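Q:
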Amino acid sequence: MRARLLVYAAFAVFLSGCSSMKPEDFAGREPRLLIEDYFAGKTQAWGIFQDRFGTLRRQFRVDIDGTWDGETLTLVEDFVYDDGETEQRIWRIKKLGEHDYEGKAEGVVGIAEGSAYGNALNWRYKFALKVGDSTWTVHFDDWLFLQDDRVLINRAAVTKFGLLIGEVTLMFHKDAADEARGLSSAVTATP
């Protein structure tokens, strides 16, 4: 019995590590996603969390204020959940080269790593997730896809020990005025 469980667990870990998508697959796709441009200024997002069975567990809204200083993108994210709970998370994301990013935020275990090509960004990190009275270290595998200058879609698989525990879906939106302000501040901040 124990051997059978180990085989099932190993197979599940193997399958979860076999994602066929790679950021490079999106090279050349338009519009190009530069998170330092997209998130400069104010952005709003609406999201849901579904458990591994597809049951909707949480809904939320996020107001994001982003600044880019030419080296670091700082995102102040203010969450409001459907049950009234609020949370703030502040990301500090550094651009490492043409395609690569790394970031830190409260709750992130270690460093988040991202890679962007074309209209897509793959963002991976471990996160200390509060579940009731305990905290679980889970892995986020985020995929962000820029649809046009204002709309960005994010889908994240949340796993623990290689097993899917849920998925997060977010839709980000910038209004035209915020987009113009964000792009102008990004341009003036770049050396």
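Numbering (our numbering), first residue to last: 9 to 199. Backbone N, C-alpha and C define an ideal beta-carbon position, used for all residues, glycine too. Owing to the predicted nature of the structure, the values given are computational and were not obtained by experimental measurement.
1) Check whether the region 113 to 133 and the region 36 to 51 touch, using three or more Cβ-Cβ pairs below 8 Å as the test.
2) Using only alpha-carbon positions, find the residue among 155, 181, 100, 121 that is nearest to residue 80.
3) By DSSP, does residue 179 sit in helix, in strand, or in coil?
4) Nearest-angstrom Cα distance between residue 103 and residue 130?
5) At the level of alpha carbons, what is the spacing between residue 162 and residue 177?
6) Nearest-angstrom Cα distance between residue 50 and residue 155?
7) Which residue's Cα is closest to the Cα of residue 55: 90, 43, 144?
8) Could you name the residues of the same chain whose beta carbon sits closer than 8 Å to that of residue 145, not counting the 5 residues immediately before and after it, in chain order?
9) Let me know the secondary structure DSSP gives residue 108 once reduced to three states.
10) Can the beta-carbon of residue 85 be found closer than 8 Å to that of residue 97?
11) Check this for me: beta carbons of residue 57 and residue 170, under 8 Å apart or not?
12) Kindly provide the ranges of any beta strand (DSSP E) runs that are 3 or more residues long and lie completely inside the region 46 to 100, ordered along the chain.
13) Can you tell me the Cα-Cα spacing of residue 48 and residue 115, whole angstroms?
14) Please classify residue 192: is it buried, with 16 or more other beta-carbons within 10 angstroms of its beta-carbon, or exposed?
15) CA-CA distance, residue 34 and residue 63?
16) Buried or exposed: which applies to residue 226, given that a residue is buried once 16 or more other Cβ atoms fall within 10 Å of its Cβ?
17) Contact check, residue 110 vs residue 121 under 8 Å by CB: the rounded distance?
A: For this structure:
1) yes
2) 100
3) strand
4) Straight across, the Cα-Cα distance linking residue 103 with residue 130 is about 14 Å.
5) 6 Å
6) 18 Å
7) 90
8) 117, 134, 135, 136, 137, 168
9) strand
10) Cβ distance < 8 Å, so residue 85 and residue 97 count as in contact.
11) Judged by their CB atoms, residue 57 and residue 170 are not nearer to each other than the 8 Å cut-off.
12) 49 to 59, 64 to 76, 80 to 89
13) 23 Å
14) Residue placement at residue 192 is poorly supported in this model, since its pLDDT is 46, which falls under 50; the coordinates are not used for a value here.
15) 30 Å
16) Not covered by the structure: residue 226. The range shown for the chain is 9 to 199.
17) 6 Å
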